[in-house]
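Only one structure is covered here, and it is reproduced in the block below.
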Amino acid sequence: MSYFVFQSAFYMDKQQQPLEDLQHIKKMMERSSRFISLSGLSGIAAGVCALAGAWFANQVIVENGGPSGYRDVVSRTFQAESLRDFMGHRLFQIAGFTFVAALFLAFLFTYLRSKKDKIPMWGATAQRLMINVAIPMAVGGIYLYKLMQFGNYGLIAPGCLIFYGLALVNAGKYTLGEVRYLGYCQLLLGIINCWFVGYGLYFWAMGFGVLHIIYGGLMWYRYEKSSPE
Amino acid sequence: MIENLNKIFDSRIRLGIMSTLMVNADISFNELKELLNITDGNLASHLKTLEENEYVKIHKGFIGKKTNTTYAVTKAGEKAFKIHLTALEKMIGSMK
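So the sequence lines, in the order shown, correspond to chains A and B.
Per my numbering, the very first residue in the first sequence carries number 35; after that it's consecutive.
Per my numbering, the very first residue in the second sequence carries number 7; after that it's consecutive.
Rendered as structure tokens:
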């Protein structure tokens with residue numbers, strides 16, 4: 035019903051019709067091929083989780099002899115046992131918990147946005163996005179697991195940033211195109227981090243924390259701040 | 007220029023259906039319904055118009071025991087849509 039009202043309204047202004055038709059075509063193509071419900075708030079929430087996680091991890095490191103002691107262990111590779119003793123798995127627990135919390139909150143805000151925009155969350159576009167993010171992430175996960183097995187802890191943080199960056203660049207084709215730029219920044223950070231082994235926590239906080247918050251804030255401002263509904 | 011505009015694409019809904027099918031290999035009835043935010047009956051009648059003009063082809067399949075009807079654009083539909091799109095673009099170009 036509202037469609038007919040809308041249509042008759044714009045047929046009055048014939049000049050505008052082709053332009054509006056083209057905009058409609060573009061909108062429908064985007065809506066059906068990209069997952070556009072990804073909320074900026076998801077990015078902000080994930081970033082806050084990452085910063086909190088980094089803060090806790092830093093506490094653990096300080097309690098265990100400070101960053102210099104930690105760096106000594108990290109830069110001496112092939113000494114898996116010593117780092118395990120050193121941190122007692124606490125860092126991995128923090129990392130795991132941070133990841134789950136960030137993922138949960140990211141899903142929550144995106145779910146809320148898709149409800150508000152009345153776009154189904156689990157459509158074909160969401161599935162396509164998930165698959166294309168999951169491939170680089172899963173491959174990266176396996177590779178990093180092997181690195182860890184060999185005790186090469188110093189390269190874990192840069193590896194996370196690099197594989198996550200690749201996943202985001204790939205995701206740029208299936209969701210908001212701007213995700214690609216977040217991916218480039220993560221890749222750049224990850225590569226720089228390769229030359230600063232032992233400072234991974236700072237790069238993590240920067241990449242997963244600060245960059246997520248900046249990206250999320252920009253996206254929220256651009257797409258959601260003045261949402262029509 | 008105007009004569010290149012396709013009467014069938016006068017309807018926003020049919021235009022929307024075609025736009026969606028141009029960028030997706032195939033798409034189910036329910037997905038289309040959710041994307042366009044319209045009722046079953048409304049969507050079915052617009053799809054029928056497109057089908058009668060042979061712009062859209064139907065594939066009836068199954069997911070388990072449930073029927074799954076998917077739609078795809080035909081060669082003729084693709085051509086007609088592109089001509090329509092070019093005509094729209096030219097109209098905008100000539101307005102400036």
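Where is the CB? At the ideal position from N, CA and C, for every residue including glycine.
The structure presented is a predicted model; accordingly, all values stated were derived computationally and were not measured.
Local Cβ density within 10 Å of residue i, reported as buried at 16 or more and exposed below that
i, result
"A:Gly-77", "buried"
"A:Asp-47", "Low confidence applies to A:Asp-47: its pLDDT is 48, below 50, so where it sits in the model is not reliable enough to give any reading."
"A:Gln-220", "buried"
"A:Leu-96", "Residue identity differs from the one stated: residue 96 of chain A is Val in this sequence, not Leu. Under this definition A:Val-96 is an exposed residue."
"A:Arg-147", "buried"
"B:Asn-12", "buried"
"A:Asp-55", "buried"
"A:Tyr-233", "buried"
"B:Ser-100", "exposed"
"A:Ser-260", "exposed"
"A:Phe-138", "exposed"
"A:Val-39", "Per-residue confidence for A:Val-39 stands at a pLDDT of 48, beneath the threshold of 50, marking its modelled position as unreliable; no derived number is given."
"A:Ala-136", "buried"
"B:Leu-61", "The amino acid at residue 61 of chain B is misidentified as Leu; the sequence shows Tyr. B:Tyr-61 is buried by the Cβ-count criterion."
"A:Ile-176", "exposed"
"A:Ala-239", "buried"
"A:Ala-168", "exposed"
"B:Gly-22", "buried"
Cutoff 8 Å: residue i Cβ touching any chain B Cβ
i, result
"A:Ser-148", "no"
"A:Lys-152", "yes"
"A:Pro-170", "no"
"A:Gly-157", "yes"
"A:Phe-53", "The identity of residue 53 of chain A in the sequence shown is Leu, whereas the question assumes Phe. It does; some Cβ of chain B falls within 8 Å."
"A:Gly-211", "no"
Proximity test, Cβ basis, 8 Å: residue i and chain A
i, result
"B:Arg-20", "no"
"B:Ile-89", "no"
"B:Ile-98", "yes"
Given residue i as reference, the closest of the options once Cα atoms are compared
i, options, result
"A:Ala-158", "B:Arg-18, B:Met-28, B:Ile-19, B:Glu-37", "B:Glu-37"
"B:Lys-72", "B:Asp-46, B:Val-29, B:Asp-16, B:Phe-35", "B:Phe-35"
"B:Leu-49", "B:Leu-27, B:Gly-67, B:Arg-20", "B:Arg-20"
"B:Leu-53", "B:Asn-74, B:Glu-95, B:Ala-93, B:Ile-14", "B:Ile-14"
"A:Met-62", "B:Ser-25, B:Glu-40, B:Asp-32", "B:Ser-25"
"A:Tyr-257", "A:Tyr-177, A:Phe-230, A:Lys-180, A:Asp-151", "A:Asp-151"
"A:Pro-52", "B:Asp-16, B:Lys-63, B:Ile-23", "B:Asp-16"
"A:Thr-209", "A:Leu-245, A:Asn-166, A:Phe-126, A:Met-171", "A:Asn-166"
"A:His-123", "A:Ala-136, A:Tyr-145, A:Ala-91, A:Val-134", "A:Ala-91"
"A:Gln-93", "A:Lys-60, A:Ser-67, A:Ile-128, A:Ile-59", "A:Ile-128"
"B:Glu-58", "B:Leu-91, B:Leu-94, B:Ala-82, B:Ile-98", "B:Ala-82"
Beta-carbon proximity list for residue i, same chain, < 8 Å, skipping 5 on both sides
i, result
"A:Gly-251", "Gly-74, Gly-77, Ile-78"
"B:Met-28", "Val-79, Glu-84, Phe-87"
"A:Glu-64", "Ile-70"
"A:Ile-153", "Arg-65, Ile-70, Ser-71"
"B:Ile-89", "Asn-10, Asn-12"
Neighbourhood of residue i by C-beta distance below 6 Å, restricted to the same chain and skipping five residues each side
i, result
"A:His-160", "The displayed chain sequence assigns Ala, not His, to residue 160 of chain A. Phe-69."
"A:Gly-174", "Phe-197"
"A:Gly-217", "Gly-199, Leu-202, Val-203"
"A:Gly-19", "This structure cannot settle anything about residue 19 of chain A, because the visible part of chain A is limited to 35 through 263."
"A:His-246", "Gly-77, Ala-80, Gly-81"
"A:Ser-36", "Low confidence applies here, because A:Ser-36 scores a pLDDT of 48, under 50, leaving its location unreliable and the question unanswered by this model."
7 Å Cβ shell around residue i - same chain, five flanking residues per side excluded
i, result
"A:Glu-212", "Met-253"
"A:Leu-195", "Gln-220, Leu-223, Gly-224, Asn-227, Phe-237, Gly-241"
"A:Thr-111", "For A:Thr-111, the pLDDT reaches just 49, beneath the cut-off of 50, and the residue's location in the model is therefore unreliable, although a value from the coordinates is still provided. These residues qualify, in order along the chain: Gly-185, Asn-186, Gly-188."
"A:Gly-206", "Val-213, Arg-214, Gly-217"
"A:Gly-243", "Gly-81, Ala-84, Leu-85, Ala-88"
"B:Thr-76", "Asp-32, Ile-33, Ser-34, His-65, Gly-67"
"B:Lys-39", "Asp-46, Leu-49"
"A:Arg-162", "Tyr-208"
"A:Phe-143", "Ser-73, Leu-75, Ser-76, Ala-79"
"B:Ile-44", "Ile-19"
"A:Leu-125", "Ala-91, Val-94"
In the segment 27-39 of chain B, which residues sit with their C-beta less than 8 Å from some C-beta in chain A, listed in chain order? Met-28, Val-29, Asn-30, Ile-33, Glu-37
Positions along the segment 41-68 of chain B whose CB lies within less than 7 Å of some CB in chain A: Leu-41, Asn-43
What are the residues in the segment 56-73 of chain A lying within 7 Å of chain B by C-beta distance? Leu-56, His-58, Ile-59, Met-62, Met-63, Arg-65, Ser-66, Ser-67
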